[in-house]
Each structure stands twice: as C-alpha cells, then as structure tokens.
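Step one of this worksheet: look at the structure below.
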Amino acid sequence: MGMDVHRSIDSIAIGDEIGPISIPITLQRLVMEAGANRDFSLIHHDADVARATGAPDAYMNTFFIAGMFERLLREWMGYGGVINKITNLRMKVFNAVGDTVSFSGRIVGKDVESCQVTLEIWAENGTSQTVTASAVVSLPSE
Amino acid sequence: MSEPTWGKYGTWEEAESYLGKVIGVGVGVDAVELGSIRRWLEPKEFDCAIHTDSDAAKAAGHRDVVAPSTMVFSYGLPAYWSPGDAHAQMGDEPRQIPIPVIFDVPAPCTLSFASNIDMDFLEPMYVGDRMTRTSRLASIAHKELRVGKGAFMTQEDTYTNQNGDTVAVVLLTIFRFNPPEREQG
C-alpha cells in the first residue's frame with residue numbers, strides 16, 4: 041500500500057509528464073501474466089511460435105500493455121482518480137522477452153469544469169516507441 | 074506485426090451482411106474476486122490498495138474493493154475447459170483467445186494485424202460482479218496499404234454486469250488483407 045498520491049485537477053498543468061515506470065520482460069513474467077489475464081495465445085509465451093510470425097521472441101499481450109498503462113495512470117493519479125478512457129491504442133513494435141519496457145505520459149488537455157484530463161501515453165523498449173495511446177482520466181477538484 | 078489469420082474465408086458481401094449484428098457473446102467464467110485481482114497485479118508489480126483492501130477502497134469513495142478497469146477483458150472470458158467438455162488429446166490445436174470474433178466473420182483475406190483499440194470505462198467492477206461480453210460488427214472500411222489490400226474491420230464489445238449495467242465498451246479494429254500479388258518471373 042505504498043501509494044501516497046492525491047492528485048487534484050488544480051495541481052496539474054498541460055505539458056506535465058508522468059512516469060516512467062518500467063518492467064523487465066522475461067518469459068517467466070509473460071507466463072505469470074498469461075495465467076492472470078487468461079490470454080493464452082502461443083505468441084505470448086512460445087518463442088518458436090512468436091518467431092514464426094516475425095517477432096524476435098515471445099511478447100507482451102494487449103491486456104498486459106493495457107494493464108501497465110493503468111498502473112502508470114493510477115500511480116500518478118492516486119486513489120481518487122478515475123480512468124475514463126484509453127483510446128487509439130496502437131501496437132507498433134513487439135515488446136519481447138529481453139526488453140525492459142517503460143511507460144510514460146504527457147498531459148495534453150485539462151478541463152477544470154468536468155475535472156477531466158487528457159494525456160498522451162506511450163511505451164518504449166529502449167530503442168524505439170513500441171505502443172502509443174491516449175487516455176482520459178477524472179481527478180478530484182481538491 | 075502481421076500474423077497468419079485463423080479467420081473464416083468468404084466474400085466481402087458475406088462480411089457486410091454481418092454489419093451491426095451480434096457476432097459473439099462471451100459469459101465470463103469467474104466472478105470478480107480478490108485472488109484473481111492479486112494474481113493480475115503481481116506480474117505488473119502494481120501496488121494499489123483500492124484493488125486489494127476494503128478500507129482503502131471505501132476511503133477512496135468506493136463501496137468496496139474495486140477491480141482494475143482493464144481487467145474487464147479477463148473477466149469477460151469463458152472457460153478454456155469446463156466439466157462435460159471432451160478431454161484434450163496430444164496434437165489438438167492450441168486454444169485461441171475467443172475475443173477477436175472478427176475472425177468469425179467471413180472475409181476474402183489470408184492475413185491480419187491488430188490496428189487499434191479504444192476502451193471506454195463506464196462503471197466500476199466490484200467483488201462478486203460477473204461480466205458478459207456482447208460483440209457486434211461495427212464497421213468495415215476498405216483500404217489498400219503497403220502490406221496489401223483489405224479492410225479495417227471493427228468490432229464493438231459491450232461488457233455488462235449481472236445487473237445489465239454497461240461496465241465498458243471496447244472497439245477492436247483489425248486489418249484483414251491479402252498481400253500484393255508478386256510479379257511473375
């Protein structure tokens with residue numbers, strides 16, 4: 041219960057950056073994740089099958105990526121925030137075994153009346169941006 | 074990031090006859106519960122008490138422990154085996170995740186890649202809630218890309234709880250296509 045953040049709409053500004061948080065991708069972590077999120081597609085835990093589709097190794101599934109974006113947003117917002125939308129999530133490059141994948145974001149919009157904040161969020165694997173998306177969250181007013 | 078499709082093969086006319094129609098329903102096999110939340114947080118190293126602790130969740134304005142929003146996908150999944158199903162045999166085809174029901178729509182394509190996903194979270198998920206996913210074919214947009222000619226096909230997945238409340242709406246867009254014909258000689 042290490043989260044001690046109480047982000048309010050008044051305390052943030054357009055251009056503020058959030059994160060990064062990062063996670064090393066090992067086959068063991070992908071297997072733990074598959075067991076937890078129940079996407080058992082072979083490309084996410086069988087290196088040979090993944091390579092046959094052009095990937096360098098087994099790679100993160102969509103649920104894992106979405107969940108890491110949720111962690112990024114939650115750790116920044118604190119318990120009082122609400123995630124409304126994650127949109128236009130595009131996976132551009134594989135996040136594969138051996139990569140340390142970091143997740144970051146930037147505030148691009150703020151509406152004090154509705155208490156809603158719009159962010160660009162993305163993932164990187166050390167050499168390139170691998171996933172991009174937008175998010176809309178609600179923050180408390182104080 | 075293309076991969077061989079396991080989709081049904083058919084004509085574009087057949088594909089378009091599915092527009093607006095329900096193309097799949099999945100009833101989540103497991104209710105929201107603390108053990109599955111903990112196992113989901115674990116590989117992400119995600120420390121968040123509103124997902125684990127009733128008092129912390131109530132202090133944040135929830136009526137009890139609330140599940141992570143993006144867990145809705147997992148809670149909408151059916152079982153991979155249930156009592157009464159046949160037992161697996163060595164050499165059986167691996168099980169595929171049953172969410173991209175776009176592949177159940179016939180289309181004249183051999184390859185595919187996931188293009189983008191849009192998620193709209195409308196209601197929280199509490200311990201004991203059960204999700205049902207209802208998928209409709211929302212749109213077909215024909216397009217020629219560098220990788221080949223095909224169409225962006227979008228399914229709209231509506232996740233509802235046991236009370237009929239819409240918890241989340243997810244748009245999943247997949248480009249199904251054929252590679253360009255190779256020049257002869």
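For the record, the sequence lines run as chains A and B.
Under the numbering used here, the first residue of the first sequence carries the number 41, and numbering increases by one thereafter.
Under the numbering used here, the first residue of the second sequence carries the number 74, and numbering increases by one thereafter.
Quick reminder that beta carbons are idealized off the backbone N, C-alpha and C, glycines included.
Check                                                                                                                                                                          : Outcome
If we ignore side chains and look at the alpha-carbon of each, how far apart do V242/B and S154/A end up?                                                                      : 21 Å
If you measure between the beta carbons of E118/B and I58/A, is that distance less than 8 Å?                                                                                   : no
Taking 8 Å as the CB-CB limit, is N135/A close to chain B?                                                                                                                     : no
Is there contact here, the stretch 203-216 of chain B with the stretch 155-169 of chain B, by at least three beta-carbon pairs under 8 Å?                                      : no
Going by C-alpha distance, which of T233/B, G83/B, K94/B, V220/B is nearest E196/B?                                                                                            : T233/B
Using the beta-carbon count (16 or more within 10 Å), is K131/B buried or exposed?                                                                                             : exposed
Just confirm the distance between the C-beta atoms of I96/B and S188/B, as a whole number of angstroms; I'd bet it's less than 8 Å.                                            : Actually they are not in contact, since the Cβ atoms of I96/B and S188/B sit about 18 Å apart, beyond 8 Å.
Any C-beta of chain A sitting closer than 8 Å to the C-beta of P253/B?                                                                                                         : no
Determine the direct distance from the alpha carbon of I161/A to that of T170/A, and round the result to whole angstroms.                                                      : 11 Å
Mapping DSSP to helix, strand and coil, what is I63/A?                                                                                                                         : strand
Please list, in chain order, all residues of the same chain as G149/A whose beta carbon is under 6 Å from its beta carbon, the five residues on each side excluded.            : T158
So, with DSSP's three-state summary, where would you put S51/A?                                                                                                                : helix
Starting from D56/A, follow the beta strand (DSSP E) in both directions and report where the run begins and ends.                                                              : That residue, D56/A, is in no beta strand (DSSP E); it is neither H nor E in DSSP.
Inspect the beta-carbon positions of P116/B and E164/A and report whether they are closer than 8 Å.                                                                            : no
Between V177/A and G121/A, which are expected to be in contact by the criterion C-beta below 8 Å, what is the C-beta distance as a whole number of angstroms?                  : 5 Å
Do three or more CB pairs link the stretch 132-144 of chain A to the stretch 88-96 of chain A at distances below 8 Å?                                                          : yes
Run the CB neighbour count on G55/A, radius 10 Å, all protein chains shown included, and call it buried at 16 or more, exposed below.                                          : exposed
So which residues of chain B does L179/A contact, with C-beta pairs closer than 9 Å?                                                                                           : Within 9 Å Cβ-Cβ: nothing; L179/A doesn't reach chain B, min ~13 Å.
Using the beta-carbon of each residue, which ones in chain A are nearer than 9 Å to N189/B?                                                                                    : T127, N128, L129, R130, M131, A173
Compare the C-beta of A133/B with all C-beta atoms of chain A and state if any pair is closer than 8 Å.                                                                        : yes
What would DSSP say about A175/A, mapped onto helix, strand or coil?                                                                                                           : strand
Would you list, in sequence order, the uninterrupted beta strand (DSSP E) runs of no fewer than 3 residues that lie entirely inside the stretch 129-161 of chain A?            : 140-151
Leaving aside the five residues before and after V100/B along the sequence, list all residues of the same chain whose C-beta is less than 7 Å from its C-beta, in chain order. : P151, T205
Please report the straight-line C-alpha distance between Q169/B and S51/A, rounded to a whole angstrom.                                                                        : 45 Å
Suppose the cutoff is 8 Å on Cβ atoms and the five residues either side in sequence are ignored; what does the same chain contact list for M43/A look like?                    : R114, E115, G118, Y119
Cutting at 6 Å between CB atoms, please list the residues of its own chain near D79/A, excluding the five before and the five after it.                                        : N101, F103
What would DSSP say about F103/A, mapped onto helix, strand or coil?                                                                                                           : helix
Count the other CB atoms, across all protein chains shown, that sit within 10 Å of the CB of T227/B; report buried if there are 16 or more and exposed otherwise.              : buried
Cβ of M54/B less than 8 Å from any chain A Cβ?                                                                                                                                 : Here chain B covers residues 74 to 258 and nothing more, so residue 54/B does not appear.
Tell me which same chain residues have a C-beta within less than 7 Å of the C-beta of P60/A, skipping the five on either side of it?                                           : S142, F143, S144
Out of A122/B, S147/B, H135/B, which has the shortest C-alpha to C-alpha gap to H111/A?                                                                                        : Checking the displayed sequence, the identity of residue 111/A turns out to be Arg instead of His. Checking every option, the nearest Cα to that of R111/A belongs to A122/B.
Taking only the alpha-carbon atoms, compute the straight-line gap between T207/B and Q68/A and give it to the nearest angstrom.                                                : 32 Å
I need the DSSP call for Q162/B, collapsed to helix, strand or coil.                                                                                                           : coil
On the DSSP bridge assignment, give the partners of N165/A in chain order.                                                                                                     : The partner list for N165/A (beta bridge, DSSP) is empty, contrary to what the question assumes.
Quick one: grab the DSSP three-state call for H84/A.                                                                                                                           : helix
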